[in-house]
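Visitor:
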Amino acid sequence: MSRRSPAFVAALVAMTLALVTVSAACSSSDDEDAVPTTTTTTELTAQPTLAWTIGEVDPQGTAPPAEDVIAAVKATLDAYLAQAIVGPLYTGQPAGDLSAVLSPAALERIAADPAARATLVDEGMPPATKEITATVANAGLRTVAGPDGAVAVVGAHLDLVLHAVGPAIDVDIVRKGEVILTQENGSWRIDSFQLRTQRDSRA
Amino acid sequence: MKKRAAIVVTLIVANIAGLVGWTRLAPAQEPAFTIHKVDEASFTAREPGDPFFILMIGNDGRPGLEGIRGDGIHLVGVNPAQRSATILNIPRDTWVDIPGRGAEKITRSMEFGGLQLQVQTVAGLTGVNFSFAITVGFDGFRALVDEMGGLHVNVPYRMFDRASGADFQPGRVHMMGEGALSFARNRNIPNGDISRTHHQSLIMLGALERAREVSKSPFDTMRLLAMTTRHTQFEGVGVRDLYTLIALGLSIDPANVRTVTMPSAIGKVGKADVVFAAGGSDSLFADFRDDAILQGH
Chain A
1 MSRRSPAFVA ALVAMTLALV TVSAACSSSD DEDAVPTTTT TTELTAQPTL
51 AWTIGEVDPQ GTAPPAEDVI AAVKATLDAY LAQAIVGPLY TGQPAGDLSA
101 VLSPAALERI AADPAARATL VDEGMPPATK EITATVANAG LRTVAGPDGA
151 VAVVGAHLDL VLHAVGPAID VDIVRKGEVI LTQENGSWRI DSFQLRTQRD
201 SRA
Chain B
1 MKKRAAIVVT LIVANIAGLV GWTRLAPAQE PAFTIHKVDE ASFTAREPGD
51 PFFILMIGND GRPGLEGIRG DGIHLVGVNP AQRSATILNI PRDTWVDIPG
101 RGAEKITRSM EFGGLQLQVQ TVAGLTGVNF SFAITVGFDG FRALVDEMGG
151 LHVNVPYRMF DRASGADFQP GRVHMMGEGA LSFARNRNIP NGDISRTHHQ
201 SLIMLGALER AREVSKSPFD TMRLLAMTTR HTQFEGVGVR DLYTLIALGL
251 SIDPANVRTV TMPSAIGKVG KADVVFAAGG SDSLFADFRD DAILQGH
């Protein structure tokens, strides 16, 4: 067994410590990759696009919906997500015209009832310009078809969990509940809704 | 852990409640309702809060019975803005002028000229413009009430009638389809047909109350819609119209529904017992048709 000089031992210890530190740093980085990002320091370049995942579709004993009906309903739900939720969160401004996603009856309701509007629309918060992510965005559908097999009314059970971050906001938003969509002149719109929306600040 | 257990318990309870309250049956063989377009434009083109009117007719058509008569005649006026409604009952033996046929009992207009003449005759009597007419079939009605889990009716007095099968004590009574049908058909009561037409409107109120009980959420409404669709025949209208009617109906508390029977006087024409529209009928009809709410009556 050869003898090592004190200088050599010191260098070996320093290298070992350095390796452990790098290894720990790499390990920490891997952990972050495994868990959805919760904070970033960079600004988003544009309003993020989020989408629903359509789960179970229950025709309730009537004719099952055609694929294009499901696609059209999903498109309306995605547009609702963009216009009533992600858009106002990103800009910090009130939602714009929602007539493309809400029926006249639903528009009338949110105009008359601020509490109902607050369950449907994410407004009144500082802009979330750093991050808007969804850890859950599921929609299960119930449809009703007439004797001709055409689906004219669709119910959607929504389950949405969002995290929004900006310079002055770091909030979790959980939205659960049901909406009914009806078809008018070829387009689907939300006609009634019963949602529970909870916003919890992390700050 | 407690939260997860609570969720599991909630799901189990919800499923049991769902199984008890909602038994899915095969599609109804005979419709409970047939919804006919009369003047749908008056419904679809109106502002959301504007009133509209439906003619509901109990159809006594049954196997072995010749001819179909409007056995129960009810004008339903809905005022969505006020979340109120009025059921105006017309006795079936009301003596009226049937267009093209002359003076006859109003019930015979269906037999003479089908639904179109029935609507025309009732509109002529009352001046009301209907968006839809809904005919109610006995067997389908019974099946639908059964599938809904029955309904509650405030029985005004002791009833016992072998012909209809009605056998009720006074008070709030839970009825399944057969019972509700016997209550609606029983004529062996004070004032006969005049009282019976009022009782039929009590069934309608009971059905509304039950529908609201089982429709606490949009998905419940979807279930109710699916069930009603399976018991409905559509004539010129669609599921979308049915949904709108159901949604409007669910928005109205039964306490805000008035049921009133046309002022009536019993008389005779030849040997036939008939009912005449008594004084005050015209002002009642005018009060009803302006906004579906009775202010002066």
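Taken in sequence, the protein lines are chains A and B.
Each residue of the first sequence is one higher than the one before, counting from 1 in the numbering used here.
Each residue of the second sequence is one higher than the one before, counting from 1 in the numbering used here.
Beta carbons are placed, not taken as given, at the ideal position from N, Cα and C, and that holds for glycine.
On a predicted model such as this, the values are computed, not experimentally measured, just so you know.
With a threshold of 7 angstroms on Cβ separation, who are the neighbours of A:Ala128 within its own chain once the five nearest residues in sequence on each side are excluded?
Guide: Closer than 7 angstroms at Cβ, skipping near neighbours: Leu89, Tyr90, Ala164, Val165, Gly166, Ile169.
Visitor: Assign A:Asp113 to buried or exposed, taking buried as 16 or more other Cβ atoms, counted over all protein chains shown, within 10 Å of its Cβ.
Guide: By the 10 Å Cβ count, A:Asp113 comes out exposed.
Visitor: Look at the alpha carbon of B:Ala180 and the alpha carbon of A:Gly140, and state the distance between them as a whole number of angstroms.
Guide: 36 angstroms
Visitor: What in chain B is Cβ-close to A:Pro64, meaning under 9 angstroms?
Guide: Per Cβ cutoff of 9 angstroms: no residues; A:Pro64 is ~12 angstroms from chain B at best.
Visitor: Go to B:Leu174, then tell me how far its beta strand (DSSP E) extends in each direction, as first and last residue.
Guide: It is worth fixing the name first, because residue 174 of chain B is His in this sequence and not Leu. 171-175 is the span of the beta strand (DSSP E), which, as asked, contains B:His174.
Visitor: So does the segment 95-107 of chain B actually touch the segment 216-231 of chain B, counting three or more Cβ pairs closer than 8 angstroms?
Guide: no
Visitor: Please state whether DSSP places A:Asp159 in a helix, a strand or coil.
Guide: strand
Visitor: Is DSSP giving B:Lys105 helix, strand or coil here?
Guide: Correct three-state label for B:Lys105: strand.
Visitor: Using the Cβ count rule (16 or more neighbours within 10 Å means buried), how would you classify B:Val119?
Guide: buried
Visitor: Counting only beta-carbon separations shorter than 9 angstroms, does A:Ser28 have a partner in chain B?
Guide: Annotation note: pLDDT 37 at A:Ser28 (below 50); position unreliable, no value reported.
Visitor: Looking at B:Ser201 and B:Thr107, is the spacing between their C-beta atoms short of 9 angstroms?
Guide: B:Ser201 sits away from B:Thr107, with the two beta carbons spaced by 9 angstroms or more.
Visitor: When the cut-off is 9 angstroms and only beta carbons count, does A:Thr135 lie next to chain B?
Guide: no
Visitor: Which whole runs of the alpha helix (DSSP H) in the segment 167-227 of chain B are 4 residues long or more, in chain order?
Guide: 177-185, 192-214
Visitor: Would you please verify whether the beta carbon of B:Arg46 is less than 9 angstroms from any beta carbon of chain A?
Guide: no
Visitor: Quick check: the Cα distance between B:Lys271 and B:Thr244, rounded to an integer number of angstroms?
Guide: 45 angstroms
Visitor: Determine the burial state of B:Gly89: buried for a count of at least 16 other Cβ atoms within 10 Å of its Cβ, exposed for fewer.
Guide: The question names Gly, yet the displayed sequence has Asn at residue 89 of chain B. Burial call: buried.
Visitor: Using three-state DSSP, classify A:Lys176 as helix, strand or coil.
Guide: strand
Visitor: Rounding to the nearest angstrom, what Cα-Cα distance links B:Pro80 and B:Arg46 in this structure?
Guide: 11 angstroms
Visitor: With a Cβ-Cβ cutoff of 9 angstroms, do B:Gly127 and B:Ala286 count as a contact?
Guide: Taking C-beta atoms as the reference points, B:Gly127 and B:Ala286 count as a pair closer than 9 angstroms.
Visitor: Quick check on DSSP: helix, strand or coil for B:Asp290?
Guide: helix
Visitor: Please confirm if the segment 148-164 of chain B is in contact with the segment 179-198 of chain B, defined as three or more CB-CB distances below 8 angstroms between the two stretches.
Guide: yes
Visitor: Do B:Phe132 and B:Phe43 count as a contact pair if the criterion is CB distance below 9 angstroms?
Guide: yes
Visitor: So, using beta-carbon positions, are B:Gly150 and B:Met110 closer together than 9 angstroms?
Guide: Taking the C-beta atoms as reference points, B:Met110 is found no nearer than 9 angstroms to B:Gly150.
Visitor: Of all the options A:Asp172, A:Ile180, A:Thr182, which has the alpha carbon lying nearest to the alpha carbon of A:Asp200?
Guide: A:Asp172
Visitor: Identify whether B:Ser42 lies in helix, strand or coil by the three-state DSSP scheme.
Guide: helix
Visitor: Would you kindly work out how many angstroms separate the C-alpha atoms of A:Ala46 and A:Gln93, rounded to a whole number?
Guide: 15 angstroms
Visitor: Could you tell me whether any Cβ in chain A is nearer than 9 angstroms to the Cβ of B:Phe43?
Guide: Answer no: the Cβ-Cβ gap between B:Phe43 and chain A never drops below 9 angstroms.
Visitor: Give the residues from the segment 227-253 of chain B that approach chain A closer than 7 angstroms (Cβ to any Cβ), ordered along the chain.
Guide: Listed in sequence order: Thr229, Arg230, Phe234, Gly238, Val239, Arg240, Tyr243, Ala247.
Visitor: Could you list which residues in chain B have their beta carbon closer than 9 angstroms to that of A:Ala106, in chain order?
Guide: Within 9 angstroms Cβ-Cβ: nothing; A:Ala106 doesn't reach chain B, min ~10 angstroms.
Visitor: Does any CB atom of chain A fall closer than 9 angstroms to the CB of B:Pro218?
Guide: yes
Visitor: Just the C-alpha distance for A:Val161 and A:Arg175, rounded to the nearest angstrom, thanks.
Guide: Rounded to the nearest angstrom, the two C-alpha atoms are 6 angstroms apart.
Visitor: Among A:Gly146, A:Val179, A:Arg202, which one has its Cα closest to the Cα of B:Val299?
Guide: This structure does not reach residue 299 of chain B, given that chain B is present from 1 up to 297, and the question cannot be answered.
Visitor: For B:Gly124, which residues in the same chain have their Cβ closer than 8 angstroms to its Cβ, ignoring the five residues on either side in sequence?
Guide: Val96, Asp97, Pro99
Visitor: In its own chain, which residues sit with a C-beta less than 6 angstroms from the C-beta of A:Ser192, not counting the 5 before and 5 after it?
Guide: Ile180
Visitor: Taking just the CA atoms, how far does A:Ala152 sit from B:Asp241?
Guide: 9 angstroms
Visitor: Determine, for B:Leu225, whether the minimum Cβ-Cβ distance to residues of chain A falls below 9 angstroms.
Guide: For B:Leu225, a Cβ of chain A is located within less than 9 angstroms of the residue's own Cβ.
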